[in-house]
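>
Okay, here's the thing in structure tokens:
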């Protein structure tokens, strides 16, 4: 997600950054229904269990839960239906090649508004092992203790 002033973060998949190394990311539009757009704008969306697949030259996001819009009177559809992602053919080919490699998968990283349009940041990821997660936690703890020591030193001096 670029840091322009016309973007507003709707939701972020924190679990993806904890469980995966993100190799590269892509920005994609999503094919949605009207009630889904209103629900997403209100923040009623969950990316935790979601993933994406390339099927027949198209990319679909699966498992993304969009809660039904309360004021929609025509009945709610399936909240976790597959949603087609809007990407260039060149990007789809590149993603398909990346996912063919062993251990790589497509994970939605964040959902945001950009110039009034809903965009999904899609990451080509490889899973972290348990020791990688522990190493990252130890690194964060070390950084926190260093920062704490610097603050303590600055207060005394």
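Residue numbers (the numbering used here): 18 to 174. Idealized CB from N, CA, C, for every residue including glycine.
1. Checking 8 angstroms against the spacing of the C-beta atoms, do residue 127 and residue 59 come in under that value?
2. Which class does residue 42 belong to by DSSP, given the choice of helix, strand or coil?
3. Where DSSP assigns a beta bridge to residue 109, which residues make up the other side?
4. Which residues in the same chain as residue 71 place their Cβ atom closer than 7 angstroms to its Cβ, once the five residues preceding and following it in sequence are excluded?
5. Output the boundary residues of the beta strand (DSSP E) element that contains residue 70.
6. Ignoring anything shorter than 4 residues or poking outside the stretch 87-163, list the alpha helix (DSSP H) runs there in chain order.
7. Return helix, strand or coil for residue 75, following the three-state DSSP convention.
8. Can you tell me the Cα-Cα spacing of residue 43 and residue 87, whole angstroms?
9. The alpha helix (DSSP H) with residue 55 in it runs from where to where?
10. Within this structure, are the beta carbons of residue 94 and residue 50 separated by less than 8 angstroms?
11. Is the beta carbon of residue 38 closer than 8 angstroms to that of residue 135?
12. Taking residue 225 as the reference, which of 74, 119, 121, 96 has the closest Cα?
13. State the CB to CB distance for the pair residue 102 and residue 141, rounded to an integer number of angstroms; the pair is presumed to be in contact (CB under 8 angstroms).
14. Just the Cα atoms here: how many angstroms apart are residue 169 and residue 53?
15. Where do the N-terminal and C-terminal ends of the beta strand (DSSP E) with residue 25 fall, by residue?
If we stick to the structure as given:
1. No; because the gap between Cβ atoms is not below 8 angstroms, this pair is not in contact.
2. Of the three classes helix, strand and coil, the one that applies to residue 42 here is strand, per DSSP.
3. When DSSP reads this structure, residue 109 sits in no beta bridge, so it has no partner.
4. Excluding residues within five positions, the ones whose Cβ falls inside 7 angstroms are 109, 112, 113, 116.
5. That run of the beta strand (DSSP E) goes 68-72.
6. Fully enclosed alpha helix (DSSP H) runs of 4 or longer: 106-117.
7. Correct three-state label for residue 75: strand.
8. Each residue's Cα considered, the two are about 31 angstroms apart.
9. In the DSSP assignment, residue 55 falls within the unbroken alpha helix (DSSP H) covering 51-58.
10. Result yes, Cβ atoms of residue 94 and residue 50 sit closer than 8 angstroms.
11. No, the Cβ-Cβ distance between residue 135 and residue 38 is not below 8 angstroms.
12. No answer is possible for residue 225: the residues shown for the chain start at 18 and end at 174.
13. Separation of the CB atoms of residue 102 and residue 141 is rounded to 13 angstroms, and the pair is thereby denied contact status at 8 angstroms.
14. Answer to the nearest angstrom: the Cα atoms are 50 angstroms apart.
15. Run containing residue 25: 24-29, per the beta strand (DSSP E) assignment.
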